[in-house]
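**Student:** Before anything else, here's the structure in question.
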Amino acid sequence: MSNLTVIIITLGLSAFFSGMETAFLAANKLQIELDKKLGSTTSKIISVFISNPGFYITTMLTGSIFSMILYGMAMVKLIDPFLQNYMNSGTGVLILVILFSSIVLILTAEFIPKVVVRLNPNVILNAFAWPLIFFYVILYPVTIFTQWLSNKLSSDHPSQQITDNTFSKIDLYQFVSGHENRSDENSDGSEELKLFQNALEFSSVRVRDCMIPRTEIVALDKTSSIEELRKKFIETGYSKILIYDDNFDNMIGYVTSKELFKNPDVFTNLLIEVSFVPEPMPASILLQKLIQEHKSMAVVIDEFGGISGLITVEDIIEEIFGEIEDEHDLPEFIEKRIGENEYIFSGRMEIETINEKYKLNIPESEEYETLAGYLFFHYQSFPKVNEMIAIGPFQFKIIKVSKTRIELVKVKIDSSEK
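So, in structure tokens, the structure goes:
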């Protein structure tokens, strides 16, 4: 067999072992187990490797090392005679051989296969399952010795092997994301996947992401009369109303509507203490806190100690299960399509919601959450009614404003720029 043939074969083997190692580490283990339950033969083979990942990785490394050794020997035999004709220095020849062979090896047997298999590691593993089991058996004696030697040299738990077969959060997220695009948007399966995805992302949700903003909080001064409190309950339909002392940023508690049935003369002695939480606090931690304290709401404060919003248990749960309509919800936001690439939205609608429903691809950022916030971020002043704002392919016309809010916006998209 010629040296060139040996080089090609060993490069291919090295690329195979390197790629299979990367594919194994990047693969979605949950998807493999589900395919195994459905009777997939290749997934059954791969699940054997998953049950002993340390042994699998050692096998791939062993095969890769053998391939590189044979490749190096063949490369020297191939190019050494050519270089000897042009160079008298043995050291110079050796350096050139090492440089050239290393560049070829890194590109063809390391970089390229690792990049390719990451595109779809599960498909790659299934496609090469039979060659994998073949080399797994061939290299088994060497791998056994290598594992034994590794355990002997290890000072910490010498006989311990990696046997963690649990699925990570990343595996679950990849599984949901991979099936989301294949599910019909109107099907029950799609709703279940969305619910599953919300649950996976819940740990990253912050209080600021689901709180009721300061401008929508209903509260009364503690000097208000019982009659004023009763009217406020009737007007809003709420079961709880916050009470402040002197100024809005000095909340002292809240009163429940059921206390009015006791016909009290004043409500200050009926106040229930309210919790204060910072905006960056994880919503999952706050939910546990509220449940432990047997409370249903908390006041959100900003970095300067001022009140920035209000959050309830319902608001947190809605991050997982979606909108829950009840007494605390404001009237539904306006959202409708009025023509080709033309829409009308409430300023308080979240950009994420608009993009999900209407596929407008309005840029999202941590600097804003709502359509009004997006306009303020780019326009940096308070717009007037009928004012036009152009941002990229989007044309925004302000339809309705209040003293402090952008209430209604018309959105038109220039399809030629989109």
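Under my numbering, the letters of the sequence shown match residues 57 to 474, in that order.
Glycine included, each C-beta is placed from N, C-alpha and C at the ideal position.
Quick caveat, the model's predicted, so the values are computed rather than measured.
Between Asn178 and the rest of its own chain, which residues show a CB-CB distance below 7 angstroms, the 5 nearest in sequence each way excluded?
**Tutor:** Against the sequence shown, residue 178 aligns to sequence position 122. The residues are Ala83, Asn84, Gln87, Ile88.
**Student:** For Tyr294 and Ser313, I'd like the C-alpha separation in whole angstroms.
**Tutor:** Within the sequence shown, numbered from 1, the residue matching residue 294 stands at position 238. Within the sequence shown, numbered from 1, the residue matching residue 313 stands at position 257. Cα to Cα, the separation comes out at about 8 angstroms.
**Student:** Out of curiosity, what's the CA-to-CA distance linking Ser458 and Ile290?
**Tutor:** For the purposes of this step, residue 458 is taken as the residue at position 402 of the sequence shown. For the purposes of this step, residue 290 is taken as the residue at position 234 of the sequence shown. Rounded to whole angstroms, Ser458 to Ile290 spans 24 angstroms at the Cα level.
**Student:** What's the call for Pro419, buried or exposed, on a 16-neighbour Cβ count within 10 Å?
**Tutor:** Against the sequence shown, residue 419 aligns to sequence position 363. The residue in question, Pro419, is exposed, as its Cβ has fewer than 16 Cβ neighbours within 10 Å.
**Student:** Enumerate in chain order the residues of its own chain whose CB-to-CB distance from Ile101 is below 8 angstroms, with the five nearest sequence positions on each side excluded.
**Tutor:** Position 45 of the sequence shown, counting from 1, holds the residue named residue 101. Taken in chain order, the residues that qualify are Ala185, Trp186, Leu188, Ile189.
**Student:** Touch check for the region 401 to 421 and the region 281 to 289: three-plus C-beta pairs under 8 angstroms?
**Tutor:** In short, these stretches do not touch, since the Cβ pair count stays below three.
**Student:** Within this structure, are the beta carbons of Ala394 and Phe401 separated by less than 8 angstroms?
**Tutor:** Taking the sequence shown and counting its residues from 1, one reaches residue 394 at position 338. Taking the sequence shown and counting its residues from 1, one reaches residue 401 at position 345. In the sequence as displayed, the identity of residue 394 is Ile instead of Ala. Their beta carbons are not under 8 angstroms apart, which means Ile394 does not touch Phe401 by this criterion.
**Student:** Do you know how far the Cα of Val356 is from the Cα of Ile121?
**Tutor:** Here residue 121 is taken as the residue at index 65 of the sequence shown, counted from 1. Here residue 356 is taken as the residue at index 300 of the sequence shown, counted from 1. One C-alpha to the other measures close to 58 angstroms.
**Student:** Alpha carbon to alpha carbon, how far is Lys466 from Ile445? Give it in angstroms, no decimals.
**Tutor:** Start at 1 with the first residue of the sequence shown, and residue 445 comes out as number 389. Start at 1 with the first residue of the sequence shown, and residue 466 comes out as number 410. Distance between the alpha carbons of Ile445 and Lys466: 10 angstroms.
**Student:** Using the Cα positions of Pro334 and Lys440, report the straight-line distance between them to the nearest angstrom.
**Tutor:** Here residue 334 is taken as the residue at index 278 of the sequence shown, counted from 1. Here residue 440 is taken as the residue at index 384 of the sequence shown, counted from 1. About 33 angstroms.
**Student:** Which word fits Gln216, buried or exposed, when buried means at least 16 other C-beta atoms lie within 10 angstroms of its C-beta?
**Tutor:** One-based indexing of the sequence shown puts residue 216 at position 160. Reliability fails at Gln216, whose pLDDT of 47 lies under 50, so the model's placement of it is uncertain and the value that follows must be treated cautiously. Exposed, because fewer than 16 other Cβ atoms sit within 10 Å of the Cβ of Gln216.
**Student:** Which of the three DSSP states, helix, strand or coil, is assigned to Lys100?
**Tutor:** The residue labelled residue 100 in the question sits at position 44 within the sequence shown. Helix at Lys100.
**Student:** Does the beta-carbon of Met57 have 16 or more other beta-carbons within 10 angstroms, so that it is buried, or is it exposed?
**Tutor:** What you label residue 57 is simply residue 1 of the sequence shown in a count that begins at 1. Label assigned to Met57: exposed.
**Student:** Go ahead and label Ile162 buried or exposed: buried means 16 or more other beta carbons lie within 10 angstroms of its beta carbon, across all protein chains shown.
**Tutor:** One-based indexing of the sequence shown puts residue 162 at position 106. By the 10 Å Cβ count, Ile162 comes out exposed.
**Student:** Could you check what DSSP says for Ile218 in three-state terms: helix, strand or coil?
**Tutor:** Here residue 218 is taken as the residue at index 162 of the sequence shown, counted from 1. In this prediction, Ile218 scores a pLDDT of 47, lower than 50, which makes its location untrustworthy; the coordinate-derived value is nonetheless stated afterwards. Looking at Ile218 - three-state DSSP - the assignment turns out to be coil, as it is neither helix nor strand.
**Student:** Please state whether DSSP places Glu463 in a helix, a strand or coil.
**Tutor:** As a first step, residue 463 must be located in the sequence shown, where it is residue number 407. Strand at Glu463.
**Student:** So does the region 270 to 280 actually touch the region 253 to 260, counting three or more Cβ pairs closer than 8 angstroms?
**Tutor:** No: the two stretches stay apart, fewer than three of their Cβ pairs being nearer than 8 angstroms.
**Student:** Starting from Leu202, trace the alpha helix (DSSP H) in both directions and tell me its first and last residue.
**Tutor:** Residue 202 sits at position 146 when you count from the first residue of the sequence shown. Per the sequence shown, residue 202 should be read as Thr rather than Leu. Unbroken alpha helix (DSSP H) run through Thr202: 196 to 209.
**Student:** Classify Phe323 as buried or exposed, calling it buried when 16 or more other Cβ atoms lie within 10 Å of its own Cβ.
**Tutor:** As a working note, residue 323 is residue 267 in the sequence shown. The residue is buried, with at least 16 neighbouring Cβ atoms inside 10 Å.
**Student:** Based on Cα-Cα distance, which residue from Phe432, Gly75, Leu316, Met131 lies nearest to Asn59?
**Tutor:** Within the sequence shown, the letter at position 3 stands for residue 59. Among Phe432, Gly75, Leu316, Met131, the Cα nearest to that of Asn59 is on Met131.
**Student:** Do Ala165 and Ser74 have their C-beta atoms within less than 8 angstroms of each other?
**Tutor:** Translated into the one-based positions of the sequence shown, residue 165 becomes position 109. Translated into the one-based positions of the sequence shown, residue 74 becomes position 18. A contact, by the Cβ cut-off of 8 angstroms.
**Student:** Run through DSSP, which three-state label would Ser70 get?
**Tutor:** Residue numbering aside, residue 70 sits at position 14 when the sequence shown is read from its first letter. In this structure, Ser70 counts as helix in the three-state DSSP scheme.
**Student:** Hey, Ile297 and Leu316 are a contact pair by Cβ (cut 8 angstroms); roughly how many whole angstroms apart?
**Tutor:** As a working note, residue 297 is residue 241 in the sequence shown. As a working note, residue 316 is residue 260 in the sequence shown. Actually they do not touch by this definition, with Cβ atoms about 11 angstroms apart.
**Student:** Based on Cα-Cα distance, which residue from Phe191, Ala354, Ala275 lies nearest to Ile341?
**Tutor:** As a first step, residue 341 must be located in the sequence shown, where it is residue number 285. Closest by alpha carbon: Ala354.
**Student:** So, Asn397 versus Ile469, is the Cβ gap smaller than 8 angstroms?
**Tutor:** Looking up residue 397 in the sequence shown gives position 341. Looking up residue 469 in the sequence shown gives position 413. Closer than 8 angstroms, so yes.
**Student:** Ends of the beta strand (DSSP E) at Lys296?
**Tutor:** As a position in the sequence shown, residue 296 is number 240, starting the count at 1. First-last of the beta strand (DSSP E) with Lys296: 296 to 300.
**Student:** Under the DSSP definition of a beta bridge, which residues are partnered with Gln451?
**Tutor:** On the sequence shown, residue 451 is found 395 positions in, with the first residue counted as 1. Paired residues: Ala446, Lys468.
**Student:** Going by DSSP, what residue range makes up the beta strand (DSSP E) through Phe332?
**Tutor:** The residue you call residue 332 lines up with position 276 of the sequence shown. Residues 331 to 334.
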